[in-house]
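Presented below is the structure to which this report refers.
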Amino acid sequence: MIGKMKETTFPRVNDEEWQEAAVASLRGLPFEKLITKTVEGIDIAPLYTKEMVEKQLANKQDAMLETIRHGMDSPSWTIAQRAYATDGETFLTNVIASLEKGNEAIVYDGSNPVTFTEEQLQRIASLVIEYPVYAFNVSAEDNFSTVFSKISEGKRAQVFGAVTGDLTLPAGFDNVRTIVADLSTHHYNGADIVTELALTLAQAVEALENYDNFTDFANDFIVRYQTDTKFFMEIAKLRAFRLLWQTLAESYGETDAPAALVYSETSLRTYSKLDAYVNLLRAGNEAFSAVLGGTDVLTVHPHDILTKVAPQAERIARNIQTVIKEETFVNVVLDPAGGSYFIDTLTDELTEKAWALFTEIDAAGGYSKYIASEEFSEKLAQLRNSRTKQLSKHQTSLIGTNIYADLSNELTDVEPTIAVPHRLAEPYENLRAYFKENPANVVLLTFGELKDFKPRADFVTGFLAAGGIEVTHSPAFATVEEGRAWIAENDFDYGVICASIKETEAVVNELVENLPANKEIDVAGAYKEEVAADWQSKGIKGFVFKGQDQLEKLTALKSLFSKEGR
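Position one of the sequence shown corresponds to residue 0 (numbering that gives the first Met the number 0), numbered consecutively onward.
Below you can see the structure in the form of structure tokens.
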């Protein structure tokens, strides 16, 4: 049997033949249905083959891989978990505890400053000699900045990491980087991957004006990226940066540039206060993509960071990294994503698009002028609106927020540990908060047998739950007359007719001929324009259906209930 298996051969199938088979399986739908379009303007194909890669990369794949890997100092990365304490003693206690349990660096962000005593600052100074330090947005007034003056000149060369902000380090910290391309603000304001990469280069070029040569600058430079949930795109982003960095270096005459240090942290753009434990999945996804992309340093934010961070959440966030290191062995493989037809193609496309945008920014006056322009503001607004629209139309999902919402999950009024602008979940959270304070009496008007109306009833239940609207069910009406009588006799704020696909038109056609007045009633499902218009002229208010703009519909219901003066 084994011998026969080894002798078995299969005919080669080329890309054209595969596409023909795929189209046949779609039963009349176009092949484009299998293509995913990203906000970066990249079309992700359903399958990537050697034939496709050879056609697109034109034999440059090997050179691309060599450049990417040359830019990676090590297959491993530094676990850099942040302490979220607001007072000096707790900060120091948490840092020491985390270093004992797998953390490998000291992380501080001056955007949320902490006040330390002199004794605490001295203890931090002693730790900084032993562990790398990553401190961002540190102002000269922040007393954390005095840590470095407490380190003797003879030991300053032992300090590694990065310290950025409005401060000047004392002499001797030659291994501490001080120039950062920090994409945090742009990321949270809506920037896509191509824009982030192009802005990274634009910031680098602007900072380079203060250096005599590219090598000195490279040794003082760090990039700070947020890693989103678009798993493969985020892997490709970090790899594309390595290619872009080398291209930038060559444009300055440096053929063998030192690697720039890449610091990644899990993005909070997709985090939600709703069903917060799903943030654990998002954090794991984002962390693993950063690792596979070749980050040098990684911070994983806790799942409850939008409220108050609990010690257990800090522990889980730290262990996401330790588990990846101990269980996957990717920390011993340089560029583990390299050679993938899919990821190498994405890397190439991001590189080309980012370089083109960077040259446009440079020609238009550079980084500072570009980010101050109306064009840039409009672009970010368009990107934010595009993501919100995709979410609202269920082209993308936030589990527990716009889909599979759990109404037993309570929103809290606790101030977030880190405030994040333009989070995708925020419009849903606002609706949930409103309907928690102003509950509506919503009923599903069910016709026929359970097995017939249940699919639509379940859909409407989930659709409305995303806005915090809880529903009840009417009795299952056997006849339209029975339903009409029940509707007339019972009070409710809003109802949705749910029947089988085959029976809905007949049910509604009969019901609207004598629909009880002053009842806000929608129909589950989408219908031809002339049918919908006829029903609405006879009292039906609207519809609930798959592909509908969910936020628009839920906001309209909020407005409707508000007008009713409840």
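Virtual Cβ for every residue (Gly too), placed ideally from N, Cα, C.
Here the structure is a predicted model, which means the values were calculated and not measured.
Taking a contact to require three or more Cβ pairs closer than 8 Å, the segment 184 to 198 and the segment 37 to 46 qualify as touching. Contiguous alpha helix (DSSP H) elements confined to the segment 518 to 545 occur at 528 to 536, taking only those with 4 or more residues. Taken in chain order, the unbroken stretches of alpha helix (DSSP H) that lie wholly in the segment 93 to 177 and span 4 residues or more are 117 to 129. Rounded to whole angstroms, the separation of the alpha carbons of Asp86 and Pro310 is 15 Å. Nearest to Leu64 by alpha-carbon distance, out of Gly399, Thr416, Arg238, is Arg238. The DSSP-derived three-state label of Arg223 is strand. Taking every protein chain shown into account, the CB of Arg11 has fewer than 16 other CB atoms within 10 angstroms, so this residue is exposed. The DSSP-derived three-state label of Thr411 is coil. In this chain, the alpha helix (DSSP H) harbouring Thr194 covers 192 to 207. If you look at Glu264, you'll find it in the beta strand (DSSP E) that goes 260 to 265. Between Tyr270 and Leu305, the C-beta spacing is below 8 Å. At a Cβ-Cβ threshold of 8 Å, Asn174 and Phe159 count as neighbours.
The Cβ-Cβ distance between Asp219 and Arg176 falls below 8 Å. Taking a contact as a CB-CB distance under 8 Å, the pair Val495 and Leu444 counts as one, their CB atoms being some 7 Å apart. The segment 197 to 205 and the segment 348 to 359 touch, with no fewer than 3 CB-CB distances between them shorter than 8 Å. Taking C-beta atoms as the reference points, Asp521 and Lys537 fail to come closer than 8 Å. Your pair Thr344 and Val52 checks out as a contact, with CB atoms roughly 6 Å apart and the cut at 8 Å. Under the three-state reduction of DSSP output, Leu444 falls in the strand class. In the assembly as shown, Gln60 is a buried residue. Its beta-carbon has 16 or more other beta-carbons within 10 Å. Linking Arg314 to Ala248 through their CA atoms gives a straight-line distance of about 40 Å.
By alpha-carbon distance to Arg223, the top candidate from Asp295, Gly399, Ala516, Leu423 is Asp295. Assignment of Thr471 by DSSP, reduced to helix, strand and coil, places it in the strand class. Of the residues Ala380, Phe287, Asp548, Trp534, the one whose Cα lies closest to the Cα of Glu519 is Trp534. Within the segment 261 to 340, the runs of beta strand (DSSP E) that reach at least 3 residues and sit entirely inside it are, in chain order, 296 to 298. In the three-state reduction of the DSSP assignment, Thr7 falls in the coil class.
Contact annotation: Glu285 and Glu205 have beta-carbon atoms that are not nearer than 8 Å. In the three-state scheme derived from DSSP, where H, G and I count as helix and E and B as strand, Phe476 is classed as strand. About 6 Å separates the beta carbons of Ala316 and Ala282, which is inside the 8 Å limit, making them a contact pair. Residues Tyr187, Gln225, His300, Ile304, Leu305, Ile417, Val419, Arg422 of the same chain have their beta carbon placed closer than 8 Å to that of Leu267, with the five preceding and five following residues left out of the count.
For Tyr366, there is no enclosing beta strand (DSSP E); the enclosing alpha helix (DSSP H) has its first and last residue at 366 to 370. CA-CA distance, Arg483 to Lys552, rounds to 25 Å. Spanning the alpha carbons of Ile370 and Asn278 requires a straight line of approximately 31 Å.
If you draw a straight line from the Cα of Glu409 to the Cα of Phe560, it comes to about 22 Å. Between Val506 and Phe446, the C-beta gap is smaller than 8 Å, which places the two residues in contact.
Minimum Cα-Cα distance from Asp457 among the listed residues Leu430, Asn513, Lys545 corresponds to Lys545. As computed with DSSP, Asp42 is found in a beta bridge with Lys36.
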